[in-house]
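Colleague: Protein chains in written order, with my numbering: chain A, -14 to 311; chain B, 7 to 364. We put the beta carbon where it would ideally sit given N, CA and C, even for glycine. No experiment lies behind these values; they were computed from the predicted model shown.
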Amino acid sequence: MAELTLVQAVNAALAQAMEEDERVLVLGEDVGVDGGVFRATDGLLDRFGPTRVFDTPLAETVVAGAAIGLAAQGFRPVAEIQFMGFMYSTLDQMISHAARLRWRTRGRLTCPMVLRAPYGGGIRAIEHHSESTEALFAQIPGLRVVIPSAPNRAYGLLLNAIRCPDPVVFLEPKRIYRTIREEVALGTAVAPLDSCFVLNEGRDLTLVSWGASVIETMAVAETLSRDGIGAEVIDVGTLRPLDSATILRSVEKTGRCVIVHEAARTGGFGGEIAARLADEGLLFLQAPVKRVTGYDTVIPLPRLEHHYLPSTDRILTAAREVLAFE
Amino acid sequence: MTRVATFEVHYTRLIDRDGRPTQPLPPLAEDRDAMVEMYRAMVLTRTFDTRAIALQRTGRLGTYASSLGQEAIAVGVGVAMTPADVLLPYARDHGAQLLRGVTLTELFLFWGGDERGSNFATPRQDFPVTVPIATHLPHAAGAAMAFKLRGERRAAVCLCGDGATSKGDFYEGLNLAGVWQVPAVFVVCNNAWAISMPRAAQTAAETLAQKAFAAGMSCEQVDGNDVVAVRIAMEAALTRARAGEGPHLIEAITYRLADHTTADDASRYRDDEVVGAHWEDDPIKRIKAYLVDQMDWSKEEEEAVIAACSVEVEAAAEAYLAIPPQPVEAIFDFMYETLPTDLAAQRDALLKEVTRRG
Ligand SMILES: Cc1ncc(C[n+]2csc(CCOP(=O)(O)OP(=O)(O)O)c2C)c(N)n1
Ligand SMILES: [Mg+2]
């Protein structure tokens, strides 16, 4: 057991994975000597040496592409992109190759790689450093998209992502990289892929979220509980493939649902969850499904950014609206 | 066997680190006003830099990329351009932007996290700072093609770092500029580092300049701490480009004296002593030594420049700090030419929420 922040948990999971499987390699810009711009790979070069940890030239396309080549050759590359805003040039590699190598070759070649990146806003950064475009990846058949929201789950999910035989896009909510500390059971990967996590049980309302927004969502559940309202909070954890059963089971019980995410609303992953509820849960629903999301704009620069991110205030308003619906 | 091609890269330094000419100098170096103008522009850039870092340290500016040690490149480029040219800067080109007419207040706004910092009042056609590395080289090829299509005698000037030369967009931009023979000048600011990555870890090539050869483009290296060398190379390249003689690449060699940004701690990956030695090559010290030795630069003149730059930067900082944030609905402005109905509904919901919160 160790008390870790989320970014330390990522670091610990990387170390554990490298320890238990020598096929695991770490590559990316500044991941070696510098230990990554957020220190997620701190100490790995010293511990595992330059044949396991590689600083790459400044080129995201080749980071993702080389990881595919290494993976097809039997390594387990974990590639870091410094910010989600710099992942866009990896899309061709991830969509055209990582996601399909197994499918295209009828299982002859596979791509067991992880592409990690910090994502999301709220750190008062310059442009392109606050993106939440997870739905871009979640739309792609063949990719897994995993987003932890606490140190413990970050540790377990990352270990499982690295052990997973499929390509995984692993997005780390950097706003909460260092804001929470939690006991992490090292060596065991308790958080499974492909399952939602029920963080709080309740009978009156289901709140669904992922990433850093889980913090505000939990705070709202807490506020509601003081009014005697039971909000069930679900941390989606793995967006793709989605564990809709857990969400449906909850909504069957509560009849009401609010989905919270930082990404822009239109085409955001909340739309997929709402569609599944409409499709498979319509008869449980006692109120319209509401989404509290970023707006359909570029995420603003720091001076206006806080208006964009889903606040407890906005989540609470939506929750009360849904609760009041008859 | 027949030799089918040969390539040579030349390096130019006109004034050495002590301010002494290394060869007969061009007329520019005799022009006191021109030399003083460049010196002043470099001092202004550094004064801005110092103030920006101080504002960042006290929470009044966002993460900031210092141009410390790179002032000669930005200034040499900025003075060589004419207003009709178009600048496509990267994050350490404050000096060039200022010479183009971008105001200090606009620079503060940009680094302070306000979109208006990219809406320059003066160089209306200049591009804003490009943050995703090297993604703007293709834009330079396109903008330069526009000049060519319209038969205009203008050039696009695009700067980037040494790390940027590893990216596909870098090669793609150069390649297209070469194929289309457009009036573009590319400047690679080789400051020896890309965050923690030393230049040698970016490429096994001997020079960065030679990457232009693969695009069929001429190239050269200059001492990027010698503002006269930078300017002379730029002026020649721009003259050729505007005359339709094709694009050119200049690798300007300098050194990043500061941390990568205010969010970086360079002591994790490089020795302070090594950095200290590079202060000998400080571009401002060099041109000042030249002014003192060759042009009777007086103590009074020196003090006047320093004081004037401080006053100017201070006034801009005050102005910046006094500018209130945009109203919240600005989030929705400029997303599209006209606001779509569904976006208008989101804007109204936000306004309602803000009013409710009071
Ligand atoms: C596509 C992309 N990847 C990563 C980054 C993060 N990043 C910002 S600056 C930088 C290093 C740039 O090095 P160089 O091109 O040499 O310019 P310098 O900062 O040294 O002036 C990196 C990796 C980015 N901005 N864009
Ligand atoms: Mg550099």
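1. Please list, in chain order, all residues of the same chain as B/LEU74 whose beta carbon is under 8 Å from its beta carbon, the five residues on each side excluded.
2. Measuring straight from C-alpha to C-alpha, what distance separates A/GLU116 and A/ARG288?
3. Can you give the Cα-Cα distance for A/THR282 and B/ALA211, rounded to whole angstroms?
4. For A/HIS291, is the classification buried or exposed, using 16 other Cβ atoms within 10 angstroms of its Cβ as the cut-off for buried?
5. For B/GLN300, would you say it is in contact with chain A, using Cβ-to-Cβ distances shorter than 7 Å as the test?
6. Output needed for A/PHE310: all residues of its chain with C-beta closer than 6 Å, excluding positions within five of it in sequence on either side, in chain order.
7. List the residues of chain B that A/ARG299 touches, going by C-beta distances under 7 Å, in chain order.
8. Kindly list, in the order they appear in chain A, the residues whose Cβ is closer than 8 Å to that of B/GLN214.
9. Ligand 1 and B/LEU327: does any heavy atom of the ligand fall closer than 6 Å to the residue's C-beta?
10. Assuming the contact rule is C-beta atoms closer than 8 Å, B/CYS166 and B/TYR275 should be a hit. Round their C-beta distance to whole Å, please.
11. Report the neighbours of B/GLY169 on chain A: residues whose CB is nearer than 7 Å to its CB, in chain order.
12. Nearer than 6 Å: is that true of the beta carbon of B/ILE139 relative to any heavy atom of ligand 1?
13. Might you give, ordered along the chain, the residues of its own chain that have their beta carbon closer than 8 Å to the beta carbon of A/SER296, omitting 5 neighbours on each side?
14. May I ask which residues mark the beginning and end of the alpha helix (DSSP H) holding A/GLY141?
15. Can the beta-carbon of A/THR26 be found closer than 7 Å to that of A/VAL11?
16. Between which two residues does the beta strand (DSSP E) holding B/GLN227 run?
17. Compare the beta carbon distance of B/ASN196 and B/ASP175 with 7 Å and say whether it is the shorter of the two.
18. Buried or exposed for A/TYR140, going by 16 or more other Cβ atoms inside 10 Å?
19. So does the region 157 to 165 of chain B actually touch the region 86 to 101 of chain B, counting three or more Cβ pairs closer than 8 Å?
20. Taking the alpha carbon of A/GLY253 as the point to measure from, which residue in A/GLY222, A/ASP189 and A/LEU121 has its own alpha carbon closest?
21. Within 6 Å: the Cβ of B/GLY148 and any heavy atom of ligand 1?
22. Please tell me whether, using a cut-off of 6 Å, the distance from the CB of B/ASN231 to the nearest non-hydrogen atom of ligand 2 is below it.
23. How would you write the range of the beta strand (DSSP E) that B/ALA162 sits in, first residue to last?
24. Looking at B/GLY282: is its Cβ nearer than 7 Å to the Cβ of B/ILE259?
25. Out of B/THR136, B/ALA190 and B/LEU255, state which residue places its alpha-carbon closest to the alpha-carbon of B/THR213.
26. If the criterion is Cβ atoms closer than 7 Å, does the pair B/ALA140 and B/ALA102 meet it?
27. Is the separation between the beta-carbon of A/LEU144 and that of A/ALA51 shorter than 7 Å?
28. Run through DSSP, which three-state label would B/MET203 get?
29. With B/LEU105 and B/ALA47 assumed to form a contact (beta carbons below 8 Å), what rounded beta-carbon distance in angstroms separates them?
30. Could you give the first and the last residue of the continuous alpha helix (DSSP H) run that contains B/GLU241?
Modeller: So, from the listed chains and residues:
1. Locating residue 74 of chain B in the second sequence gives position 68, counting from the first residue. The residues are ARG52, ASP55, ARG262, LEU263 and ALA264.
2. Within the first sequence, the letter at position 131 stands for residue 116 of chain A. Within the first sequence, the letter at position 303 stands for residue 288 of chain A. If you take the alpha carbons of A/GLU116 and A/ARG288, they lie about 16 Å apart.
3. As a first step, residue 282 of chain A is located in the first sequence; it is residue number 297 there, counting from the start. As a first step, residue 211 of chain B is located in the second sequence; it is residue number 205 there, counting from the start. Cα-Cα distance, rounded: 42 Å.
4. Residue mapping note: residue 291 of chain A aligns to position 306 of the first sequence, counting from 1. A/HIS291 comes out exposed.
5. Translated into the one-based positions of the second sequence, residue 300 of chain B becomes position 294. No, B/GLN300 does not count as interfacial toward chain A.
6. Taking the first sequence and counting its residues from 1, one reaches residue 310 of chain A at position 325. Contacts found: ALA272.
7. Within the first sequence, numbered from 1, the residue matching residue 299 of chain A stands at position 314. GLU359, listed in chain order.
8. Reading the second sequence from its first residue, position 208 is the one you call residue 214 of chain B. Reading off the sequence shown, one finds Leu at residue 214 of chain B, where the question assumed Gln. Near B/LEU214 there are no residues of chain A at all, since even the closest Cβ is about 12 Å away, more than 8 Å.
9. Looking up residue 327 of chain B in the second sequence gives position 321. Outside the cutoff, so no.
10. Locating residue 166 of chain B in the second sequence gives position 160, counting from the first residue. Locating residue 275 of chain B in the second sequence gives position 269, counting from the first residue. At roughly 21 Å, the Cβ-Cβ gap does not stay under 8 Å, so B/CYS166 and B/TYR275 are not in contact.
11. Mapped onto the second sequence, residue 169 of chain B falls at position 163. What B/GLY169 touches in chain A: LEU43.
12. Numbered from its first residue, the second sequence carries residue 139 of chain B at position 133. Yes, the Cβ of B/ILE139 comes within 6 Å of a heavy atom of ligand 1.
13. Mapped onto the first sequence, residue 296 of chain A falls at position 311. These residues qualify, in order along the chain: GLU201.
14. Here residue 141 of chain A corresponds to residue number 156 of the first sequence, with the count starting at 1. Here the alpha helix (DSSP H) through A/GLY141 covers 136 to 148.
15. Locating residue 26 of chain A in the first sequence gives position 41, where the first residue counts as 1. Locating residue 11 of chain A in the first sequence gives position 26, where the first residue counts as 1. Contact: yes.
16. One-based indexing of the second sequence puts residue 227 of chain B at position 221. Note, B/GLN227: beta strand (DSSP E), 224 to 229.
17. By one-based count along the second sequence, residue 196 of chain B stands at place 190. By one-based count along the second sequence, residue 175 of chain B stands at place 169. In this structure, B/ASN196 sits away from B/ASP175, with a CB-CB distance that is not shorter than 7 Å.
18. Along the first sequence, one-based indexing puts residue 140 of chain A at 155. That one is buried.
19. Verdict: yes, contact present.
20. As a first step, residue 253 of chain A is located in the first sequence; it is residue number 268 there, counting from the start. When only C-alpha atoms are compared, the closest one is A/LEU121.
21. Residue numbering aside, residue 148 of chain B sits at position 142 when the second sequence is read from its first letter. B/GLY148 has its Cβ no nearer than 6 Å to any heavy atom of ligand 1.
22. Taking the first residue of the second sequence as 1, we reach residue 231 of chain B at position 225. Not so, every heavy atom of ligand 2 lies at least 6 Å from the Cβ.
23. For the purposes of this step, residue 162 of chain B is taken as the residue at position 156 of the second sequence. For B/ALA162, the uninterrupted beta strand (DSSP E) run begins and ends at 162 to 167, by DSSP.
24. Locating residue 282 of chain B in the second sequence gives position 276, where the first residue counts as 1. Locating residue 259 of chain B in the second sequence gives position 253, where the first residue counts as 1. Result no, Cβ atoms of B/GLY282 and B/ILE259 do not sit closer than 7 Å.
25. Taking the second sequence and counting its residues from 1, one reaches residue 213 of chain B at position 207. Among B/THR136, B/ALA190 and B/LEU255, the Cα nearest to that of B/THR213 is on B/LEU255.
26. To locate residue 140 of chain B, count along the second sequence from 1; it is residue 134. To locate residue 102 of chain B, count along the second sequence from 1; it is residue 96. Cβ atoms of B/ALA140 and B/ALA102: not closer than 7 Å.
27. Position 159 of the first sequence, counting from 1, holds the residue named residue 144 of chain A. Position 66 of the first sequence, counting from 1, holds the residue named residue 51 of chain A. Not in contact: A/LEU144 and A/ALA51 (Cβ atoms no closer than 7 Å).
28. Your numbering for residue 203 of chain B matches position 197 in the second sequence. Of the three classes helix, strand and coil, the one that applies to B/MET203 here is strand, per DSSP.
29. For the purposes of this step, residue 105 of chain B is taken as residue 99 along the second sequence, with counting starting at 1. For the purposes of this step, residue 47 of chain B is taken as residue 41 along the second sequence, with counting starting at 1. Indeed they touch by this definition, with Cβ atoms about 6 Å apart.
30. Locating residue 241 of chain B in the second sequence gives position 235, where the first residue counts as 1. Counting along the chain, the alpha helix (DSSP H) containing B/GLU241 begins and ends at 233 to 248.
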